[in-house]
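Enquirer: Got a structure for you, questions after.
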Amino acid sequence: MNNKNILISGAGIAGTALAFWLKRYGFHPTIIEIAPKLREGGYAIDFMGAGYDVAVKMGIVDELKKVDINFSKVALVDKNDREQGSINYQKIKKFMNGRAMTLLRSDLAKTIYTALDKDIEIIFDNTIEKIEQNDKEVRVSFKQGSSRSFDLVIGADGLHSMVRKLIFGDESKFEKYLGYYTSSYTIKNFSTGNSEFAMYNFPCRQVAVYSNKNNATTTFFIFSFPEKLTYAHHDTEKQKQILREQFTGGGWKCTPLLNALDNTADFYFDSVSQIKMDRWYNGRIALVGDAGYCPSLLSGKGSTLAMVGAYILAGELKEANGDYQQAFVQYEKLFKPFMEKKQQSAQSFAKSFVPKSYFGIGLRNFVFKLMSVSVFSKLFIAQFRDKGLQLKNY
Ligand SMILES: Cc1cc2nc3c(=O)[nH]c(=O)nc-3n(C[C@H](O)[C@H](O)[C@H](O)COP(=O)(O)OP(=O)(O)OC[C@H]3O[C@@H](n4cnc5c(N)ncnc54)[C@H](O)[C@@H]3O)c2cc1C
Numbered sequence: 054m055n056n057k058n059i060l061i062s063g064a065g066i067a068g069t070a071l072a073f074w075l076k077r078y079g080f081h082p083t084i085i086e087i088a089p090k091l092r093e094g095g096y097a098i099d100f101m102g103a104g105y106d107v108a109v110k111m112g113i114v115d116e117l118k119k120v121d122i123n124f125s126k127v128a129l130v131d132k133n134d135r136e137q138g139s140i141n142y143q144k145i146k147k148f149m150n151g152r153a154m155t156l157l158r159s160d161l162a163k164t165i166y167t168a169l170d171k172d173i174e175i176i177f178d179n180t181i182e183k184i185e186q187n188d189k190e191v192r193v194s195f196k197q198g199s200s201r202s203f204d205l206v207i208g209a210d211g212l213h214s215m216v217r218k219l220i221f222g223d224e225s226k227f228e229k230y231l232g233y234y235t236s237s238y239t240i241k242n243f244s245t246g247n248s249e250f251a252m253y254n255f256p257c258r259q260v261a262v263y264s265n266k267n268n269a270t271t272t273f274f275i276f277s278f279p280e281k282l283t284y285a286h287h288d289t290e291k292q293k294q295i296l297r298e299q300f301t302g303g304g305w306k307c308t309p310l311l312n313a314l315d316n317t318a319d320f321y322f323d324s325v326s327q328i329k330m331d332r333w334y335n336g337r338i339a340l341v342g343d344a345g346y347c348p349s350l351l352s353g354k355g356s357t358l359a360m361v362g363a364y365i366l367a368g369e370l371k372e373a374n375g376d377y378q379q380a381f382v383q384y385e386k387l388f389k390p391f392m393e394k395k396q397q398s399a400q401s402f403a404k405s406f407v408p409k410s411y412f413g414i415g416l417r418n419f420v421f422k423l424m425s426v427s428v429f430s431k432l433f434i435a436q437f438r439d440k441g442l443q444l445k446n447y
């Protein structure tokens, strides 16, 4: 095997999944993560389709089942908490032949991380600052001072990837803003008293909550905004202020949810954006997950497709005996057309994701009621099956 020493930037879902497979195939992955420890937080993600298949291959499904949120239903409610329509989540599971879960992003990340071989070097609290490559190696300088050489570097460092910036250029060249901002955080000692995922809308805004068995509630906010807002990525106070401005006076549970903002440990706020690139690699450097092809939360697939990309990239490196030029070409050939379709359907969905008027909300509720009828639910759920993507056995 050639090019065995591989640096992965980012210990998120793509980075840890990639390290898992590379190690299994005889490579020596090293992970560098900017956060001081494994990151927590994020809301619930649907976990089915090709990502589920990768989890089966990794042997982590039993562990994931232990943290399956297992909603009773997804319910639309009005400002008085009266149900306006619902979909039985167990029915969705049945249509997917049981191969479906709802997981907290942090539970998925932690499960993959725990499954990693203990030999893998993981450097926390550090980041790449400079990358220079030639035909023999990649020389990487870290923020904490030192520099090291690797055979390959993979950017798995999310939507705001540093590797992408250093190698391919500024984020603005690749970002497609889909017209929304989203936020999520956990509130401890607060429960809605049931096990449903409840969603409430008022024009241009949606807020959803669900409570888990540990008397904690996870929130999910999304609001439409015509253009990108200006704030620093790490300025959480400013981000909380924006969220308050958007949802104060919104009714339903908005007041208690916003009141808890100052006591959360896992506040997340970001634009709903995609990353669209002509090429996912340059020389000895490639991108995986949100760094290269973020489909956005509107696809409902960011995390699972991060795992799928990692599986294919590692597998192709194995098949090519570490010949990165061959492997990167194959990785793109097998996965990029599929990802582009997923991004396209998320863009179409963006137009109607959060209704902009009370009429639109009424219409959406009507469609939602239709979806609770079997034949329509089957049609809706079919899109999560990831037809058109065949996972090779490497
Ligand atoms: C804390 C957090 C919360 C999230 N919550 C939501 C959510 O609520 N809703 C939603 O739609 N999506 C959320 N996401 C994004 C979503 O989880 C991703 O679409 C999905 O996980 C894709 O996986 P990924 O591994 O490509 O990227 P991510 O899961 O984003 O992982 C990227 C990793 O790279 C690390 N990293 C970033 N920059 C650097 C750097 N310069 N050097 C080294 N490491 C770096 C990050 O800390 C992170 O661990 C969240 C991401 C994070 C990190």
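Here our numbering is used: the first residue of the sequence shown is 54, the next is one more, and so on. Here a beta-carbon is modelled for each residue, glycine too, at the ideal position from N, C-alpha and C. None of these values were measured; they are calculated from a predicted model.
Let me confirm a value: G79 is counted as buried when at least 16 other C-beta atoms fall within 10 Å, else exposed. Which label applies?
Expert: Exposed is the call here.
Enquirer: What does the alpha-carbon distance come out to for the pair G95 and T167?
Expert: Approximately 18 Å, taken between the alpha carbons.
Enquirer: Using the C-alpha atoms, what's the distance from E280 back to A67?
Expert: Taking the straight line from one Cα to the other gives about 29 Å.
Enquirer: Please classify T308: is it buried, with 16 or more other beta-carbons within 10 angstroms of its beta-carbon, or exposed?
Expert: The residue is exposed, with fewer than 16 neighbouring Cβ atoms inside 10 Å.
Enquirer: Say yes only if the C-beta of A367 is nearer than 6 Å to one or more non-hydrogen atoms of ligand 1, and no if none qualify.
Expert: Because no heavy atom of ligand 1 lies under 6 Å away, the Cβ of A367 does not count as near it: no.
Enquirer: Could you tell me whether the stretch 330-345 touches the stretch 202-218, where touching means 3 or more Cβ pairs closer than 8 Å?
Expert: Because the criterion of three Cβ pairs below 8 Å is met, the stretch 330-345 and the stretch 202-218 touch.
Enquirer: Given the structure, does Y230 come close to ligand 2, in the sense that its CB is under 6 Å from one of the ligand's heavy atoms?
Expert: Inclusion of ligand 2 in the displayed structure is not the case, the ligand content consisting of ligand 1 alone.
Enquirer: Where are the beta strand (DSSP E) runs, 3 residues long or more, that stay fully inside the stretch 104-186, in chain order?
Expert: Entirely contained in the stretch 104-186, the beta strand (DSSP E) runs reaching 3 residues are, in chain order, 126-130, 136-141, 153-157, 174-176 and 181-186.
Enquirer: Hey, quick one: how far does the beta strand (DSSP E) through P309 stretch, first residue to last?
Expert: P309 -> not in any beta strand (DSSP E); alpha helix (DSSP H) instead, spanning C307 to N312.
Enquirer: Leaving out five residues before and five after K445 in sequence, what residues of the same chain have Cβ atoms less than 7 Å from its Cβ?
Expert: Cβ within range, chain order: G368.
Enquirer: Mind checking if K395 is an interface residue toward chain B, Cβ cutoff 7 Å exclusive?
Expert: You won't find chain B in this structure, because it holds only one protein chain.
Enquirer: Could you tell me which residues DSSP pairs with V193 in its beta bridges?
Expert: In the DSSP output, where bridge partners are listed per residue, V193 has I184 and R201.
Enquirer: Going by DSSP, name the residue or residues bridged to L282.
Expert: Note: L282 sits in no beta bridge, so no partner.
Enquirer: If you measure from the CB of I173, is any heavy atom of ligand 1 nearer than 6 Å?
Expert: Every heavy atom of ligand 1 is 6 Å or more from the Cβ of I173, so no.
Enquirer: Pick out the complete alpha helix (DSSP H) segments inside the stretch 373-436, 4 residues or longer, and give them in chain order.
Expert: Taking only runs of at least 4 residues, the alpha helix (DSSP H) segments lying wholly in the stretch 373-436 are 377-403, 411-424 and 427-435.
Enquirer: Alpha carbons only, please: which of G198, A269, Y105 and K126 is nearest the one belonging to K118?
Expert: Per the Cα distances, Y105.
Enquirer: Less than 7 Å between the C-beta atoms of E228 and S356, yes or no?
Expert: Going by C-beta atoms, E228 is not nearer than 7 Å to S356.
Enquirer: In angstroms with no decimal places, state the Cα-to-Cα distance between I220 and N187.
Expert: Cα to Cα, the separation comes out at about 13 Å.
Enquirer: With 16 as the cutoff for other CB atoms within 10 Å, does G342 come out buried or exposed?
Expert: Buried, because 16 or more other Cβ atoms sit within 10 Å of the Cβ of G342.
Enquirer: Comparing C-alpha positions only, which one of D131, L416, R92 and K146 sits nearest to K164?
Expert: Checking the sequence shown, residue 164 turns out to be Thr, not Lys. Taking only the C-alpha atoms, the option nearest T164 is R92.
Enquirer: For the alpha helix (DSSP H) containing K76, name the first residue and the last one.
Expert: Unbroken alpha helix (DSSP H) run through K76: I66 to R77.
Enquirer: Does the stretch 118-130 come into contact with the stretch 153-161, if we say contact requires no fewer than three beta-carbon pairs (one atom in each stretch) closer than 8 Å?
Expert: Yes: the two stretches touch, three or more of their Cβ pairs being nearer than 8 Å.
Enquirer: Just mark V109 as buried or exposed, buried being the case when its beta carbon has 16 or more other beta carbons within 10 Å.
Expert: Counting Cβ neighbours within 10 Å, V109 comes out exposed, since fewer than 16 surround it.
Enquirer: Grab me the residues of Y447's own chain with a C-beta within less than 7 Å of its C-beta, minus the 5 sequence neighbours each way, in chain order.
Expert: Cβ within range, chain order: G368, K371 and E372.
Enquirer: Does the beta-carbon distance from F391 to I365 come in below 7 Å?
Expert: The answer is no: Cβ separation not under 7 Å.
Enquirer: Could you check if T283 is buried or exposed, using at least 16 other CB atoms within 10 Å of its CB as the buried criterion?
Expert: Looking at its Cβ environment, which holds fewer than 16 other Cβ atoms inside 10 Å, T283 is exposed.
Enquirer: Determine, using beta-carbon pairs with one atom in the stretch 245-255 and one in the stretch 315-333, whether at least three such pairs fall under 8 Å.
Expert: At 8 Å Cβ cutoff, the stretches do not touch.
Enquirer: Given 6 Å as the limit, tell me if M215 has its C-beta closer than that to any heavy atom belonging to ligand 1.
Expert: Yes, Cβ of M215 sits closer than 6 Å to a heavy atom of ligand 1.
Enquirer: Would the beta-carbon of D210 fall within 7 Å of that of G63?
Expert: For D210 and G63, yes; Cβs fall inside 7 Å.
Enquirer: Where does D315 fall in DSSP's three states?
Expert: D315: helix per DSSP, three-state reduction.
Enquirer: Of the residues R77, A313 and N254, which one's Cα is nearest the Cα of N242?
Expert: Measuring from the Cα of N242, the nearest candidate turns out to be A313.
Enquirer: So, with DSSP's three-state summary, where would you put R258?
Expert: Three-state DSSP puts R258 in a strand.
Enquirer: Within the present structure, is the beta-carbon of T155 separated from the nearest heavy atom of ligand 1 by less than 6 Å?
Expert: No, since every heavy atom of ligand 1 falls outside the 6 Å radius drawn around the Cβ of T155.
Enquirer: Cβ-heavy atom distance between S398 and ligand 1 below 6 Å?
Expert: Because no heavy atom of ligand 1 lies under 6 Å away, the Cβ of S398 does not count as near it: no.
Enquirer: Buried or exposed: which applies to T301, given that a residue is buried once 16 or more other Cβ atoms fall within 10 Å of its Cβ?
Expert: T301 should be labelled exposed.
Enquirer: At a threshold of 6 Å, does S237 count as lining ligand 1 (C-beta to nearest heavy atom)?
Expert: Flag set: Cβ of S237 near ligand 1.
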